[in-house]
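> I'd like to ask you about the structure that follows.
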Amino acid sequence: MRNSVVHVIELLLGALLLGLGLLYLESQYRALSRLSDATTLSKIEDKHIFEQCGLTDINQVSDKEVYAAIMGYRQYPIMVDDFLLPINGHDYELYFTYIKSGYYKKKYQYDENRRIVMILYTYMGI
1 MRNSVVHVIE LLLGALLLGL GLLYLESQYR ALSRLSDATT LSKIEDKHIF EQCGLTDINQ
61 VSDKEVYAAI MGYRQYPIMV DDFLLPINGH DYELYFTYIK SGYYKKKYQY DENRRIVMIL
121 YTYMGI
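Counting from 1, position 82 in the sequence shown corresponds to residue 82 in the numbering used here; the numbering is continuous, with no gaps.
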């Protein structure tokens, strides 16, 4: 009888310790979530996340990847050298060659709600 009482007490103490451990982990999770939310909001306010300028490298990008990158953004207008690209019926091979070669710099234009409204490729020179 005495051993069973000791085992029950040990089980209760173990359950209590497990519960306290879970409460500690939950408080750590909440603190980390608040910290990451505050950091994200401060970066969005400074627009550091939304300023993307990418230079491509011919050794890292294939033709299919460039084609997928351009055609994947077809819901947004794409402007190359101050000319708006039409959605259909246009030959992109020359643009793919120049963009893949790294002659163009890619920039995004955003509206006041920080949504992409246009993708710009600017010629940088040979």
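Ideal placement from N, C-alpha and C gives every residue a C-beta, glycine not left out.
Quick caveat: nothing in here was measured; it's all calculated off a predicted structure.
Give the C-beta separation of Lys106 and Ile119 to the nearest angstrom, bearing in mind that I take them to be a contact with Cβ-Cβ under 8 Å.
As a position in the sequence shown, residue 106 is number 106, starting the count at 1. As a position in the sequence shown, residue 119 is number 119, starting the count at 1. Lys106 to Ile119, Cβ: 7 Å. Contact.
> Need the endpoints of the beta strand (DSSP E) that Met118 sits in, please.
Within the sequence shown, the letter at position 118 stands for residue 118. That run of the beta strand (DSSP E) goes 116-123.
> Which two residues bound the contiguous beta strand (DSSP E) that contains Tyr108?
Counted from its first residue, the sequence shown places residue 108 at position 108. That run of the beta strand (DSSP E) goes 104-110.
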